[in-house]
Amino acid sequence: MADPRSQLPRTTRVKNKQPADKQITAEQLLREAKEIQLEDDYKAPKQIITDPEELSEYRLAKRKQFEDLVRRVGRFNGGVWVKYATWEEQQKDFRRARSVWERALAIEYRNVSVWLKYAEMEMRHRFVNHARNVWDRAVSLLPRVDQLWYKYIHMEEMLGNVAGARQVFERWMRFEPDHTGWMAYVRFELRYNEVDRARDIFERYVQILPSVKAWVRFAKFEMQNGEVAMARRCYERAVEELGEDGQTEEFFIKFAEFEEKAREVERARAIYRYALDHIPKASAPTLYSRFVAFEKQHGDREGIEQVVVNKRRFQYEEEIAKSPYNYDTWFDYIKLEEGTGDVERTREVYERAVAQLPPSSAEKRFWRRYIYLWIKYALFEELDVGDVDRTRDVYRAALELIPHKQFTFAKMWILAAKFEVRQRNVEGARRLLGRALGTCPKERLFKAYIELELTMGHVERVRKLYEKYLEWRPSNVGAWVRFADLECSLGETERCRALFELAIAQPLLDMPEALWKAYIDFEISEGERERVRVLYTRLLDRTKHVKVWLSFARFEAAPMPTATAAEGGEGEAAGQPQPEPTEGPESAPARAARARAVYDQAFRTLRDVAPDAKEEAVMLLEAWKAFEQEQEWSSPADRASHVSDVEKKMPRRVKRKRAVTTEDGHEVGQEEYYDYIFPEEGAAAPGLKLLEAAYRWKRQRQGAAPGGDDAGFGAVAAAAAPGEDGPINGPVRPSASEAAAAFLSRLGAGLGGGGADAGGAGEGGADGDMDADAEGRGGPAREEEGEGKDGEREASGRGRSGRDDNDEEAAPERDRGEGEGRGQEERNEEGAEEEEAGRARRRQRSGDEEGEEGREGDGEPRLRRREPEVGPQSGGEEEEAEGARRRRRGSEEGDGDVKRRRGEEEGEEEGQGRRPGGEGDRRGAAGDMSD
């Protein structure tokens, strides 16, 4: 049996296995196949008929097909009937075709397309009577279809039957067609030169359709036939018969163009102007441009300007119609009419404008623009027209219209009064202003009335008006000052001074600083230095403002004007400078001393009353320094000395940070600001808060009783501020800040220990503290020479309650050490070199043995040291670390360079062995206050 594999076709071996250049996907194959199917449209095969029987069978099958089709959809689809009739027409069976058309019309006779195709079939095969019959039936059933009439008339005209076409037109005109039908009839008659018939048709046309289009066509027909008069008569008849309906932009443009073609320029201009006066701007956008072009071609400049005015007038009328309360539009409209010079027309616009009352009579803001319409109206009548009576009527009407109970307009009252003054009716002006003050008093009305009476020279009336003015508003500083200036100008010095006194006695003033300045300037002009000084003192009792102090100081430094200088001088003395006195209270040294005292008192008062007002204090010191530098009469040494004294009071400016918070209290960050540190603040900074608290506590305990320790604090405070004036009204207790600062200055004097005794006392106190601490821990106590000193150290070590027993012994030692303490403070501030030397000495002393005694090169006593019982560091290293901690603490508290330097000084003092003694003295001082 043969191998079945040998019967299979041999597999073709593909030698070239590279991919083809053009890759074809399955999707592409399907798409191409579909495109081929769509391109091959199905075409029915042609049937060739060879004998009549086959033709008859074909016709029978086709008719059966059409009958079935019209039976199914013939009532709803007219195209089936058309195809059926068209097929019958192709078979030349016109009887059957007519039958199909008639059957179609019987179903839907309103189908115009069926009538048209039916008639066209009859006309195409020259069945004229049949076609005429179809058209006649069509226009009878559908008389409003113009296309049927046009086709009917066209057929009759093509057949040459003009009379029949005219009869069709007449039948059509009985149904009153639109403009196109009438114009078709006119053109039909004109084609056969029947002008009279055409004119008769136009007459019927304009009567049946009385419109601008009909009359314009009628006039154009007459113009084409050369009948200018008849054409103009057509336009005139149109204006008469159409009335307002005929006043349109198109009609007037056509009428004007007709007159322009007839070379009647004036007639055309009159037509344009009549149209511009009677047609709204919105309805005639082209009319204005045509008129402007006409005037540019045929008119002059005046005519062009009139056109522009009319155009703007209609624009304003349109805007006013939209918003009658837009008073700015009324102002522009009035300005336009005033420019034309037509008084009556301008008055009409004014009356229309003022008739537009504001919508609300309770709010003044609605009347602010409206009231200027009345003002412009009155000024127009007075200045442009010159009608005085009418101007007075305008003012009267305006004043009666304003609701004075709610608000008023002083400007209207004043303008009305000034008008009466211009008419030499002063009594009328007074009556108007008096009525205004009685109805609705205002400041401007008082000022205007006073100015009027001053102009007339009636001083008593002016005084009476000022009295009423001040009764109405006594807080008005301007009225007081003007009243006083009036009395001063009249030479009534005492009345003027009395007025100022009354003014400053008022409980409420709107600008008291202006009143005091006017009063002071008045007294200065009178040359009354003592009175001025009293005024400044009274003013300073009310306020401590820095500007008042500066003004006071400048006053004391400036010379008083003499009587000759005040009056302007006479003869040869006029224009010559007056020599300054060299002696007496008005000499330069005396004035400078008084000014210097004022500056000093001002500075001390500012620092006491408002210690936080540092900017004002700096301003005062700068003015003081400038004053001292300007004293050219003094010697350079004295001037430099005074300037140096002021500079010592100057603060240092430092940069600090503070928290920034929002309105709701949340902290959002920090900001930098500059602060001022005065010398007394820098000295009282260490421990100031603690001492202030202790001092307040002591005063509360003692009930602020006189004498005792308070007296001591007062004495210290007085000693801390040498040169300060004593109290005016009795002893003044120092504040907590002053007492603390003075106490610290005294305490700093005792920290240094100038001699051996003072140093021993300070050291004894320190050793006593250490012994007491040692006893508390159970360690051996250190012995010192002197039983009195041992008792003092023991009392200091056990506590601060025994301080009073040893005050008498410790006081001489502190007094002896004050001088040396101040010297030591100065040495501690010398600079970085001495600080480094101190650190070296501390490192050297840290290795000394206990009990070793010696003297350093500056002669100060040296403490004996004990090795510490706990910790690897020596005493010097502990003290240096303590100083570093103090410096860091001062830096963190934000006090800047001042506290940093103070920490370094405290560390240095501790390294030199003074800190324990100073700390003991400070604890002793606190014990004094606690007692």
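For the sequence shown, position 520 matches number 520 in UniProt numbering, and the numbering has no gaps at all.
Here a beta-carbon is modelled for each residue, glycine too, at the ideal position from N, C-alpha and C.
- Nearest C-alpha to Y192 among A163, W215, F218 and D178: A163.
- Between the alpha carbons of Q90 and A97 lies a gap of roughly 9 Å.
- Taking C-alpha positions only, R368 is separated from P280 by approximately 31 Å.
- Remark: C-beta atoms of G78 and A104 approach each other more closely than 8 Å.
- Here the C-alpha atom of E400 lies approximately 50 Å from the C-alpha atom of R267.
- Distance from the CA of F366 to the CA of A484, rounded to the nearest whole angstrom, comes to 39 Å.
- Here the alpha carbons of E420 and R596 stand approximately 60 Å from one another.
- Each of E672, W374, C440 and R430 was checked against the Cα of K405, and the nearest Cα belongs to C440.
- Contact check for W549 and L620: beta-carbon distance about 6 Å, within the 8 Å limit, so the pair qualifies.
- Unbroken alpha helix (DSSP H) stretches of 4 residues or longer found wholly inside the segment 20-54: 26-39, given in chain order.
- DSSP places R656 in the strand class (E or B) of the three-state scheme.
- Taking one beta carbon from each stretch, the segment 526-534 and the segment 507-518 have fewer than 3 pairs nearer than 8 Å; the two do not touch.
- Inclusion of P143 and F175 in the CB contact set at 8 Å is warranted, their separation being smaller than that value.
- If only complete runs of 3 or more residues are kept, the segment 449-525 shows no beta strand (DSSP E) anywhere.
- Taking the C-beta atoms as reference points, R290 is found no nearer than 8 Å to I334.
- According to the DSSP assignment, Y84 belongs to the alpha helix (DSSP H) that extends over G78 to Q90.
- The segment 580-593 and the segment 649-664 do not touch, with fewer than three beta-carbon pairs separated by less than 8 Å.
- Two segments are said to touch when three or more pairs of C-beta atoms, one from each, lie closer than 8 Å; by this definition the segment 141-158 touches the segment 111-126.
- Here the alpha carbon of N476 sits roughly 24 Å from the alpha carbon of L432.
- A straight line joining the alpha-carbon of V309 with that of K442 spans about 43 Å.
- The DSSP-derived three-state label of D387 is coil.
- Under the three-state reduction of DSSP, Y288 is assigned to helix.
- In this chain, E244 is not harboured by any beta strand (DSSP E), its DSSP state being neither H nor E.
- Going by beta carbons, A410 and Y395 fall outside the 8 Å limit.
- The continuous alpha helix (DSSP H) containing E317 extends over residues R301 to K322.
- With contacts defined as CB atoms closer than 8 Å, P403 and S361 qualify as a contacting pair.
- Residue pairing for D675: DSSP places it in a beta bridge opposite V654.
- Straight through space, the alpha carbons of G303 and Y316 are spaced by roughly 20 Å.
- From the listed residues E122, R171 and K418, the smallest Cα separation to K92 is found for E122.
- In the structure shown, Q406 adopts coil according to DSSP, grouped into three states.
- One Cα belongs to D387, the other to K311, and the distance between them is close to 30 Å.
- In the structure shown, G669 falls within a strand segment according to DSSP collapsed to helix, strand and coil.
- Here the alpha carbon of R696 sits roughly 28 Å from the alpha carbon of D600.
- Annotation: Q702 to A694 spans about 12 Å, alpha carbon to alpha carbon.
- Judged by DSSP in its simplified three-state form, T661 adopts strand.
- The distance from the Cβ of A119 to that of A106 is about 17 Å, inconsistent with a contact at the 8 Å cut-off.
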